[in-house]
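A.B. asks: Please see the structure below; I have some questions.
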């Protein structure tokens, strides 16, 4: 208690100037927070969110097909719980295994709280609330099971677990869009958070190989490769994304033979991919520049071919260095999906515009925009936290020398 | 080791010596082969796309031409500093849009630099509360999409301001739904503040709410990124510099201004360049708040004329030159602050 007081005094009231500043800031903060709280709890009318929660989640996805999205969500949640538990059951060889570290306990508590509070706050029907609880139980249950039993599972089985994710992505595409015997749902009916996450994840997955290739091309000794990469990267980076998206909508039809142009949603997703690849290439390039030339020379003198040296020596180091910058790009890509609303697609912001055009909810801008802001903030902050955790896990400096 | 045992361990090597490798594995030839292959693929893809483009455009009667630029535009702009009306040609409209874009970019650059520098410096304050506030500002703003922030400022803040006598008044500035009124020099070089005339505000300088919302959003968003750049730059200055200055009796602010910032500037300027360029490009989101910048005029033009390729070429050219201009200016500035060794 005493040390807390001393610290407070040192931090806030070290000099008279600091004291005045602190008091002024405290007064301002109290005023602002008080006003915000009063608005959120008394004046704001959250019915606009409650009444449109399905619209915000999936847009105009047909109601009788929404079971597919629930199935996909539960598959994703299951895979996440499994991977999470196994990550704790099999720590890296140099780490002490801790089954329930403090962060995990906090995360589980948060998730459980969210699964109880959110459906209630959204005013969902009893059946759907129960589904949320089921999903939370599935996640926590699998996390518990995999963490407890995972250490004794056969290693050959465990090697297959990372493969679940790409498989799940393809399954998800089929579940969302249809095909292979599942009824088709046209991309024009996808919307809301579903479209936001889908376009962002599509672009993130595809821009990665493209960006690495472009970065390698830009550092290549062959002038043709280098110049082609430089021209591509600089032309994409020179123009604002919105011009590229708009162009994509208008010009894809001209660039491809008649009838081959993709659906509007896919045009936008491809433009996002090509756009992000140019920025990612620059992040990867800075990582490549950080790998000393001696590494390549050592690998080559050990008899590795150029490609092998790149694959086993240079790229792993370069990508690790580039990881924070790359995740930064992914975060801004997630934010950039809001631009799809400007070309008439109904992702989160687009749905928000249609909701607010509804006379019943006219003038509820503040509620809707604040909700979206909180949603985006949580997604982006989670990505940032995940990136920092991954950085720590990949950091070679913590490996004890043997 | 006797030679017989080594032949058991490894497969026999291919005969070496006089037979040279085939020409396609020659070290001097391989790079050219790779380039030829890549070049061929790139050329084929470009030829395929361009071929389709020319065929489809000529089928639609939209082959590349610039004559439409001098046809009357037929649309009006809500505001422009270059005189423009519906009877004027398209190129005048695009010019007016460019002027508006430049206005937003210059205003945004100045505002974001001031805000970002202050927030970046605040991260090193001796006051814990101020440090925390600077941190919260950066973390909140960076994780929310700019477009969302812009529509928030426009629809939630500026469009809900009251009009007339109820307007929000500060010394020299009045915020009303009809616009932002700032004191300035009126005719006859007289200093004049905002004042009500028949229930309508009058002032020498009036900004539209669209422009004000765009500027606010851009400044606050870019300010957060610039704050991070400034913070990184200051953090790169060795701690001994602070200690030396304070042991010489310099105050915190003087230390920052005379000792630390001049050194930090060398680290900050390249990062600032990136942020300025992205601010210039982000100004194209003005279309979401109804401000007639270059992109918004170009979109209207495209919708009216269908000239996708030409309009896109104009946009690309203008934004690329804007980026290059900013880069050139910043590089010049960078030369000035480099250490000059004798």
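Residue numbers (my numbering), protein chains in the order written: chain A, 1 to 402; chain B, 1001 to 1342.
Yeah, the Cβ is synthetic: ideal placement off N, Cα and C, and Gly gets one too.
1) Count the other CB atoms within 10 Å of the CB of residue 392(A); is the residue buried (16 or more) or exposed (fewer)?
2) I want to verify the contact list: residues of chain B whose CB lies under 7 Å from the CB of residue 346(A), in sequence order.
3) Please report whether the beta-carbon of residue 263(A) lies at a distance below 8 Å from any beta-carbon of chain B.
4) Straight-line CA distance for residue 1171(B) to residue 40(A)?
5) Please return the same chain residues whose Cβ sits closer than 8 Å to the Cβ of residue 394(A), not counting the five positions on each side in sequence.
6) Assign residue 1180(B) to one of three DSSP states: helix, strand, or coil.
7) Just mark residue 1211(B) as buried or exposed, buried being the case when its beta carbon has 16 or more other beta carbons within 10 Å.
8) Can residue 1142(B) and residue 1181(B) be called in contact, C-beta distance under 8 Å?
9) Under 9 Å Cβ-Cβ, which residues of chain B neighbour residue 380(A)?
10) Return yes when the Cβ of residue 214(A) is within less than 8 Å of the Cβ of residue 276(A), no when it is not.
11) Considering Cα atoms alone, identify which of 216(A), 236(A), 126(A) is closest to residue 403(A).
12) Taking residue 1269(B) and residue 1330(B) to be in contact with their CB atoms under 8 Å, please state how far apart those CB atoms are, rounded to whole angstroms.
13) Does the beta carbon of residue 47(A) come closer than 8 Å to any beta carbon on chain B?
14) Over the uninterrupted beta strand (DSSP E) stretch that includes residue 1192(B), give me the two end residues.
15) Pairs of beta-carbons, one from the region 1124-1143 of chain B and one from the region 342-362 of chain A, closer than 8 Å: are there three or more?
16) So with Cβ pairs under 8 Å, would you call residue 357(A) a contact of chain B?
17) Taking C-beta pairs closer than 8 Å, name the residues in chain B that residue 66(A) reaches, listed in chain order.
18) Helix, strand or coil: which one does DSSP assign to residue 347(A)?
19) Give a yes or no on whether 8 Å exceeds the smallest Cβ distance from residue 1124(B) to chain A.
20) Could you have a look at residue 1097(B) and say whether DSSP puts it in helix, strand or coil?
21) Within 8 Å of any Cβ in chain A, is that where the Cβ of residue 1213(B) sits?
22) With DSSP run on the structure shown, which of helix, strand or coil describes residue 155(A)?
23) Please classify residue 169(A): is it buried, with 16 or more other beta-carbons within 10 angstroms of its beta-carbon, or exposed?
24) Using beta carbons (cut-off 8 Å, strictly below), is residue 1002(B) in contact with chain A?
25) Chain B beta carbons: is any one of them nearer than 8 Å to that of residue 56(A)?
26) Quick check: is the beta carbon of residue 16(A) nearer than 8 Å to any beta carbon in chain B?
27) Within 8 Å (strictly less), CB to CB, does residue 1290(B) reach chain A?
28) If contacts are defined as beta-carbon pairs under 8 Å, then residue 366(A) and residue 63(A) qualify, I think. What distance do you get, rounded to the angstrom?
29) Should the region 15-27 of chain A be called in touch with the region 1123-1132 of chain B, which here means at least 3 C-beta pairs below 8 Å?
30) For residue 369(A), return the contacting residues in chain B, with the cut-off set at a CB-CB distance below 7 Å.
31) Which residues, in chain order, does the region 1301-1323 of chain B contribute to contact with chain A at a C-beta distance below 8 Å?
32) Taking C-beta pairs closer than 7 Å, name the residues in chain B that residue 365(A) reaches, listed in chain order.
33) So that I know if they touch, is there some Cβ in chain B lying closer than 8 Å to that of residue 211(A)?
34) Does any residue of chain A bring its CB to less than 8 Å from the CB of residue 1256(B)?
35) Below 9 Å between beta carbons is the criterion; list the residues of the region 1061-1090 of chain B that meet it against any residue of chain A, in chain order.
36) Output the distance between the C-alpha atoms of residue 1095(B) and residue 1107(B), rounded to the nearest integer angstrom.
C.D. replies: According to the structure data:
1) Counting the other Cβ atoms within 10 Å of the Cβ of residue 392(A) gives fewer than 16, which makes it exposed.
2) Within 7 Å Cβ-Cβ: nothing; residue 346(A) doesn't reach chain B, min ~15 Å.
3) Not one beta carbon of chain B lies nearer than 8 Å to the beta carbon of residue 263(A).
4) Here the C-alpha atom of residue 1171(B) lies approximately 30 Å from the C-alpha atom of residue 40(A).
5) Listed in chain order, the non-local C-beta contacts of residue 394(A) below 8 Å within the same chain comprise 320, 323, local neighbours out to five positions each way being set aside.
6) In the three-state DSSP reduction, residue 1180(B) falls in the strand class (E or B).
7) Buried, because 16 or more other Cβ atoms sit within 10 Å of the Cβ of residue 1211(B).
8) No, these two residues do not count as a Cβ contact at 8 Å.
9) Under the 9 Å cutoff, chain B gives 1142, 1143, 1144, 1145.
10) Judged by their CB atoms, residue 276(A) and residue 214(A) are not nearer to each other than the 8 Å cut-off.
11) In the structure displayed, chain A extends from 1 to 402; residue 403(A) sits before or after that span and is not available.
12) Residue 1330(B) and residue 1269(B) do touch by the CB rule: their CB atoms are close to 6 Å apart, below 8 Å.
13) With its beta carbon at least 8 Å from every one in chain B, residue 47(A) lies outside the interface.
14) Where residue 1192(B) is concerned, the enclosing beta strand (DSSP E) starts and stops at 1190-1192.
15) Contact between the region 1124-1143 of chain B and the region 342-362 of chain A is absent, because fewer than three Cβ pairs lie under 8 Å.
16) False, the Cβ-Cβ gap to chain B never drops below 8 Å.
17) Neighbours of residue 66(A) on chain B: none; closest Cβ ~26 Å, over 8 Å.
18) In the three-state DSSP reduction, residue 347(A) falls in the strand class (E or B).
19) Taking Cβ atoms only, chain A never reaches closer than 8 Å to residue 1124(B), which makes this a no.
20) Of the three classes helix, strand and coil, the one that applies to residue 1097(B) here is helix, per DSSP.
21) Not an interface residue.
22) Of the three classes helix, strand and coil, the one that applies to residue 155(A) here is helix, per DSSP.
23) With fewer than 16 Cβ atoms within 10 Å of its Cβ, residue 169(A) is classed as exposed.
24) Unreliable positioning characterises residue 1002(B) in this predicted model, as indicated by a pLDDT of 49, which lies under 50. The coordinate reading is nonetheless provided below. Not one chain A Cβ lies under 8 Å of residue 1002(B).
25) Chain B, which has no Cβ nearer than 8 Å to the Cβ of residue 56(A), makes this no.
26) It does not: the Cβ of residue 16(A) has no partner Cβ on chain B nearer than 8 Å.
27) Chain A contact via Cβ: absent.
28) The pair is not a contact, with the Cβ atoms about 29 Å apart (cut-off 8 Å).
29) Because the criterion of three Cβ pairs below 8 Å is met, the region 15-27 of chain A and the region 1123-1132 of chain B touch.
30) In chain order: 1148, 1151, 1152, 1156.
31) Of all residues in the region 1301-1323 of chain B, only 1302, 1308, 1309, 1312, 1315, 1316, 1319, 1320, 1323 place a beta-carbon less than 8 Å from a beta-carbon of chain A.
32) The contacting residues are 1155, 1156.
33) Cβ-Cβ to chain B under 8 Å: no for residue 211(A).
34) At a cut-off of 8 Å between beta-carbon atoms, residue 1256(B) makes no contact with chain A.
35) When CB distances to chain A are screened at a threshold of 9 Å, the residues of the region 1061-1090 of chain B falling below it are 1062, in chain order.
36) Rounded to the nearest whole angstrom, the C-alpha separation of residue 1095(B) and residue 1107(B) is 18 Å.
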